[in-house]
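>
Protein chains: 2
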Amino acid sequence: MVDRDIDGLALPDPAAIRLARERIAPYVRVTPVLTSHSLDEAIGARLFLKCENLQQVGAFKARGACNAVFSLSEERAARGVVTHSSGNHGAAVAYAARCRGIEAHVVMPDNAPKIKVANVEGFGAKVHFCLPNVAAREKVCSEVERATGATLVHPFDDRQVIAGQGTATLELLEAVPDLDAVVAPVGGGGLLSGTSIAAHGVNSGIEVYGTEPAGADDASRGFASGRVEPMPNPQTIADGLRSTLSARTLGALRTHVRGIAICSEGAIVAAMRLVWERAKIVIEPSSAVPIAAMLEGTLDVRRKRVGVILTGGNVDLDKLPWQ
Amino acid sequence: MVDRDIDGLALPDPAAIRLARERIAPYVRVTPVLTSHSLDEAIGARLFLKCENLQQVGAFKARGACNAVFSLSEERAARGVVTHSSGNHGAAVAYAARCRGIEAHVVMPDNAPKIKVANVEGFGAKVHFCLPNVAAREKVCSEVERATGATLVHPFDDRQVIAGQGTATLELLEAVPDLDAVVAPVGGGGLLSGTSIAAHGVNSGIEVYGTEPAGADDASRGFASGRVEPMPNPQTIADGLRSTLSARTLGALRTHVRGIAICSEGAIVAAMRLVWERAKIVIEPSSAVPIAAMLEGTLDVRRKRVGVILTGGNVDLDKLPWQ
Numbered sequence: 025m026v027d028r029d030i031d032g033l034a035l036p037d038p039a040a041i042r043l044a045r046e047r048i049a050p051y052v053r054v055t056p057v058l059t060s061h062s063l064d065e066a067i068g069a070r071l072f073l074k075c076e077n078l079q080q081v082g083a084f085k086a087r088g089a090c091n092a093v094f095s096l097s098e099e100r101a102a103r104g105v106v107t108h109s110s111g112n113h114g115a116a117v118a119y120a121a122r123c124r125g126i127e128a129h130v131v132m133p134d135n136a137p138k139i140k141v142a143n144v145e146g147f148g149a150k151v152h153f154c155l156p157n158v159a160a161r162e163k164v165c166s167e168v169e170r171a172t173g174a175t176l177v178h179p180f181d182d183r184q185v186i187a188g189q190g191t192a193t194l195e196l197l198e199a200v201p202d203l204d205a206v207v208a209p210v211g212g213g214g215l216l217s218g219t220s221i222a223a224h225g226v227n228s229g230i231e232v233y234g235t236e237p238a239g240a241d242d243a244s245r246g247f248a249s250g251r252v253e254p255m256p257n258p259q260t261i262a263d264g265l266r267s268t269l270s271a272r273t274l275g276a277l278r279t280h281v282r283g284i285a286i287c288s289e290g291a292i293v294a295a296m297r298l299v300w301e302r303a304k305i306v307i308e309p310s311s312a313v314p315i316a317a318m319l320e321g322t323l324d325v326r327r328k329r330v331g332v333i334l335t336g337g338n339v340d341l342d343k344l345p346w347q
Numbered sequence: 025m026v027d028r029d030i031d032g033l034a035l036p037d038p039a040a041i042r043l044a045r046e047r048i049a050p051y052v053r054v055t056p057v058l059t060s061h062s063l064d065e066a067i068g069a070r071l072f073l074k075c076e077n078l079q080q081v082g083a084f085k086a087r088g089a090c091n092a093v094f095s096l097s098e099e100r101a102a103r104g105v106v107t108h109s110s111g112n113h114g115a116a117v118a119y120a121a122r123c124r125g126i127e128a129h130v131v132m133p134d135n136a137p138k139i140k141v142a143n144v145e146g147f148g149a150k151v152h153f154c155l156p157n158v159a160a161r162e163k164v165c166s167e168v169e170r171a172t173g174a175t176l177v178h179p180f181d182d183r184q185v186i187a188g189q190g191t192a193t194l195e196l197l198e199a200v201p202d203l204d205a206v207v208a209p210v211g212g213g214g215l216l217s218g219t220s221i222a223a224h225g226v227n228s229g230i231e232v233y234g235t236e237p238a239g240a241d242d243a244s245r246g247f248a249s250g251r252v253e254p255m256p257n258p259q260t261i262a263d264g265l266r267s268t269l270s271a272r273t274l275g276a277l278r279t280h281v282r283g284i285a286i287c288s289e290g291a292i293v294a295a296m297r298l299v300w301e302r303a304k305i306v307i308e309p310s311s312a313v314p315i316a317a318m319l320e321g322t323l324d325v326r327r328k329r330v331g332v333i334l335t336g337g338n339v340d341l342d343k344l345p346w347q
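Chains as they are written, first to last, in our numbering: chain A, 25 to 347; chain B, 25 to 347.
#1: For the alpha helix (DSSP H) that A:Arg53 lies in, which residues bound it at each end?
#2: Leaving out five residues on either side along the sequence, give the residues of the same chain with a beta carbon under 6 Å from the beta carbon of B:Ala69.
#3: Apart from the five residues just before and just after A:Asp181, which ones in its own chain have a Cβ nearer than 6 Å to its Cβ?
#4: Given that a residue counts as buried once 16 or more other Cβ atoms are within 10 Å of its Cβ, and exposed if not, what is A:Gly321?
#5: Please list, in chain order, all residues of the same chain as A:Pro374 whose beta carbon is under 7 Å from its beta carbon, the five residues on each side excluded.
#6: Are the beta-carbon atoms belonging to A:His130 and A:Ala118 less than 8 Å from one another?
#7: Roughly how many angstroms lie between the CA atoms of B:Pro156 and B:Asp134, to the nearest whole one?
#8: With distance defined between alpha-carbon atoms, name the residue in A:Ala303, A:Ala276, A:Glu289 nearest to A:Leu33.
#9: Using a C-beta cutoff of 8 Å, does A:Gly331 count as contacting chain B?
#10: Report the option in B:Val168, B:Val306, B:Val313 whose CA atom is closest to the CA atom of B:Tyr233.
#11: With three or more beta-carbon pairs closer than 8 Å as the criterion, would you say the region 162-174 of chain A touches the region 135-146 of chain A?
#12: List, in chain order, every chain B residue whose beta-carbon is nearer than 7 Å to that of A:Gly82.
#13: Compare the C-alpha of A:Ile292 against each of A:Pro237, A:Ile221, A:Pro179 and name the closest.
#14: Are at least three pairs of beta-carbons, each pair with one atom in the region 82-94 of chain A and one in the region 178-192 of chain A, less than 8 Å apart?
#15: Given that B:Arg297 touches chain A, what residues does it touch there, using C-beta distances under 9 Å?
#16: Is the CB-CB distance between A:Val281 and A:Lys74 below 8 Å?
#17: Quick one: using the 10 Å Cβ neighbour count with 16 as the cut-off for buried, is A:Ile369 buried or exposed?
#18: According to the Cβ coordinates, are A:Val339 and A:Ile315 closer than 8 Å?
#19: Using only the heavy atoms of the ligand GDP, determine whether one of them is closer than 7 Å to the beta carbon of A:Ala294.
#20: Which residue from A:Asp263, A:Lys140, A:Lys138, A:Ala128 puts its Cα closest to that of A:Ala149?
#21: Can you name the residues that DSSP bridges to B:Cys75?
#22: Any contact between the region 88-106 of chain A and the region 37-56 of chain A? By contact I mean 3 or more CB pairs, one from each, below 8 Å.
#23: A:Leu71 CB to nearest chain B CB: under 8 Å?
#24: What residue from B:Arg124, B:Ala262, B:Ala243, B:Ala199 has the CA that sits closest to B:Pro254's CA?
#25: Under 8 Å by Cβ, that's how I've got B:Ser310 and B:Gly264 pegged, so tell me the actual separation to the nearest angstrom.
#26: Going along the region 107-128 of chain B in order, which residues come within less than 9 Å of chain A, judged by CB to CB distance?
#27: From which residue to which residue does the beta strand (DSSP E) around B:Thr235 run?
#28: If you count every other CB in all the chains shown that lies within 10 Å of the CB of B:Thr55, and 16 or more means buried, which is it?
#29: Within a Cβ cutoff of 7 Å, which residues of the same chain sit near A:Ala295, ignoring the five residues on either side of it in sequence?
#30: Which of the three DSSP states, helix, strand or coil, is assigned to B:Arg70?
#31: Closer than 8 Å, CB to CB, is B:Asn143 near chain A or not?
#32: Can you tell me whether DSSP reads B:Pro309 as helix, strand or coil?
#33: Which residues bound the beta strand (DSSP E) around B:Met132?
#34: Buried or exposed for A:Val26, please, with buried defined as at least 16 other CB atoms from any protein chain shown within 10 angstroms of its CB.
#35: Out of B:Asp202, B:His178, B:Ala208, which one is the CA nearest neighbour of B:Val226?
#36: Does DSSP put A:His108 in a helix, in a strand, or in coil?
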């Protein structure tokens, strides 16, 4: 797929994130920030949980998708939008397009769970199936672009998407201004890029950390090497974090992020369960990754005031990973 | 047990609930009010979920217990408090006593789940075991009162407890002033009494409804007959709603409540699952009862703006009722 940005490394600045916040305000929720004494005790820090699991479509992805869709000119918007995602981003683009009253095309692998297909279709999007591999996905996506003139809304390698994802951190820092650190999971890096740019736009002294599963640790390796480190076959329950950084998001991380910590699969499941049990909220495995890294001690934020972006809450309640 | 109120029918007035709110403010959370488009669609109303599952100890019970404990004179408080409960009220009294720095005694049946015993002990309370029947429970409770001079904090038949439970509705109506109706579950009736008095203190036009399981329908029957209707053997998964109204709470309900709807066990489980899946929060079966009654249609609030008190989120994550 062709990246539509003129400069494939361009990132939003803090002003773009503030503008995104105004732009998407009618379509996204100001999510609550929750605390839990027993989580704090388990970790030895004071945690402030930014609950994007309670966001529209059950994930922060609604923010970036809405900002991208509502940034389009009338003329481009009229031709619709297209994306590839079997997860939260697909639903988010479908939701954003419905909010704007335009057509959305979502390319999904033909083995995607029926409930995810139904969810995207429920927002009125047109689903295009492809074989479950990257080449097939990009081919179908390009075909839709050519046939319809729809604009691609990339899941993370897009300035407007990154700006939208950063708006959660603006809200978090308004609710809790005196944070020492902010932690988010990292997959393709859109959320972590937006989070870190937004945080440093408010206060350059805030420490921003990424966290990822050991079985999908391309961001840790890329952060260390300075190069995008392809990872063709990531292995993790945290299905939202299987993407690889782009040159753009790696650039943001190298500028703004203090470090990236990894965690084990067992810690992800334990952290997910702990949050359900103690904070009484439903989070998906990807959301649990920052807590998992703190529990394992690979991320040491003890005695600090720490904002945590809980990214989403879309799980199959019939298949819980601790059962 | 002796009711310590001079008048066993006395109820708090709206001013007492406002005072309770100030008194307990340092010890309880202002819980968020959440909305969910898909829940609204399923029910045909606009719901505003007051999330007491996100309250201290995971239940609204923290409000009433804190108000009762902090209402005591220094002299009485110094002798401690006692209650009988294997559920959320026991933990709430233990929590409130710890907040005030006084001793709490909690009488629990000797077959109570270990996790519930550990929870109460974790707040520093002393647990007294009894045989699992009402006579044994009251005997042990009286013995503790005589031996220690501790004050009984009844789970619902207590003016200060009722006033504390009403504070959730004050917050709800500040967050969403233009509600048509407020719905809560009813067990012993402490929450529903406080809810209805608080609501009518703000706006006498608000419709207040109770909801209860068909297998524990003493409140419906008492509401109709005007008498307390004993129910020795209630059968429901909603373990927080197995108590019988007292003369005091029945009096409040007969004055302030429009109606009480019942629901089936199947609807409770379906409603619980729907809230987890759509609103992304963990609620216990008792919390799901208002939604269950709306789904079954025994409570018709269609096209209205409806506040729902979600009472708690303490569940065993290894034994979910839909599995």
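By construction, the Cβ of each residue, glycine as well, lies at the ideal position given by its N, Cα and C atoms. Just so it is clear, the structure is predicted and the values come from calculations on it, not from any experiment.
Taking the definition as stated:
#1: As a first step, residue 53 of chain A is located in the first sequence; it is residue number 29 there, counting from the start. Here A:Arg53 belongs to no alpha helix (DSSP H), and DSSP marks it neither H nor E.
#2: By one-based count along the second sequence, residue 69 of chain B stands at place 45. Only Val325, Arg326, Lys328, Val330 meet the Cβ criterion.
#3: Position 157 of the first sequence, counted from the first residue, corresponds to residue 181 of chain A. The residues are Ser270, Arg272.
#4: Translated into the one-based positions of the first sequence, residue 321 of chain A becomes position 297. A:Gly321 should be labelled exposed.
#5: Nothing can be reported for residue 374 of chain A: it is not among the residues displayed for chain A, which extend from 25 to 347.
#6: Taking the first sequence and counting its residues from 1, the one referred to as residue 130 of chain A is at position 106. Taking the first sequence and counting its residues from 1, the one referred to as residue 118 of chain A is at position 94. Note on identity: in this sequence residue 130 of chain A is Val, with His being the wrong assignment. A contact, by the Cβ cut-off of 8 Å.
#7: The residue labelled residue 156 of chain B in the question sits at position 132 within the second sequence. The residue labelled residue 134 of chain B in the question sits at position 110 within the second sequence. Looking at the two C-alpha atoms, the distance is approximately 6 Å.
#8: Translated into the one-based positions of the first sequence, residue 33 of chain A becomes position 9. If we check each option's Cα against that of A:Leu33, A:Ala276 comes out closest.
#9: As a position in the first sequence, residue 331 of chain A is number 307, starting the count at 1. No, its Cβ sits nowhere closer than 8 Å to a Cβ of chain B.
#10: Mapped onto the second sequence, residue 233 of chain B falls at position 209. Closest by alpha carbon: B:Val313.
#11: no
#12: Start at 1 with the first residue of the first sequence, and residue 82 of chain A comes out as number 58. By Cβ distance, chain B contributes Lys304.
#13: The count along the first sequence starts at 1 and reaches residue 292 of chain A at position 268. The option with the nearest alpha carbon to A:Ile292 is A:Pro237.
#14: yes
#15: As a working note, residue 297 of chain B is residue 273 in the second sequence. Chain A residues near B:Arg297: Leu341.
#16: Position 257 of the first sequence, counting from 1, holds the residue named residue 281 of chain A. Position 50 of the first sequence, counting from 1, holds the residue named residue 74 of chain A. In this structure, A:Lys74 does not lie closer than 8 Å to A:Val281 by Cβ.
#17: Residue 369 of chain A lies beyond the residue range present for chain A, which begins at 25 and ends at 347; the question has no answer from this structure.
#18: Residue mapping note: residue 339 of chain A aligns to position 315 of the first sequence, counting from 1. Residue mapping note: residue 315 of chain A aligns to position 291 of the first sequence, counting from 1. No. Outside cutoff.
#19: Inclusion of the ligand GDP in the displayed structure is not the case, the ligand content being empty and no account of it being possible.
#20: The residue given as residue 149 of chain A occupies position 125 in the first sequence. Of A:Asp263, A:Lys140, A:Lys138, A:Ala128, the residue nearest in Cα terms is A:Ala128.
#21: Locating residue 75 of chain B in the second sequence gives position 51, where the first residue counts as 1. BP columns for B:Cys75 point to B:Leu334.
#22: Enough Cβ pairs lie closer than 8 Å, so yes.
#23: In the first sequence, counting from the first residue as 1, residue 71 of chain A sits at position 47. No, A:Leu71 lies away from the interface with chain B (no Cβ there is under 8 Å from its Cβ).
#24: Taking the first residue of the second sequence as 1, we reach residue 254 of chain B at position 230. Closest option to B:Pro254, Cα to Cα, is B:Ala243.
#25: Taking the second sequence and counting its residues from 1, the one referred to as residue 310 of chain B is at position 286. Taking the second sequence and counting its residues from 1, the one referred to as residue 264 of chain B is at position 240. That belief holds up - the Cβ atoms of B:Ser310 and B:Gly264 are roughly 4 Å apart, short of 8 Å.
#26: none
#27: For the purposes of this step, residue 235 of chain B is taken as residue 211 along the second sequence, with counting starting at 1. It spans 231-237 - the beta strand (DSSP E) in which B:Thr235 sits, taken as one unbroken run.
#28: Position 31 of the second sequence holds residue 55 of chain B. Buried, because 16 or more other Cβ atoms sit within 10 Å of the Cβ of B:Thr55.
#29: Position 271 of the first sequence holds residue 295 of chain A. Taken in chain order, the residues that qualify are Ala312, Ile315, Ala316, Leu319.
#30: Translated into positions along the second sequence, residue 70 of chain B becomes position 46. Residue state, collapsed to three classes: strand.
#31: Within the second sequence, numbered from 1, the residue matching residue 143 of chain B stands at position 119. No, B:Asn143 lies away from the interface with chain A (no Cβ there is under 8 Å from its Cβ).
#32: Indexing the second sequence from 1 puts residue 309 of chain B at position 285. Residue state, collapsed to three classes: helix.
#33: Your numbering for residue 132 of chain B matches position 108 in the second sequence. Run containing B:Met132: 128-133, per the beta strand (DSSP E) assignment.
#34: Taking the first residue of the first sequence as position 1, residue 26 of chain A is located at position 2. Because A:Val26 sits at a pLDDT of 41, beneath the cut-off of 50, its placement in the model cannot be relied upon, and the following sentence gives the value as read from the coordinates. Per the 10 Å Cβ criterion, exposed.
#35: The residue given as residue 226 of chain B occupies position 202 in the second sequence. It is B:Asp202.
#36: Locating residue 108 of chain A in the first sequence gives position 84, where the first residue counts as 1. If DSSP states are grouped into helix, strand and coil, A:His108 belongs with the strands.
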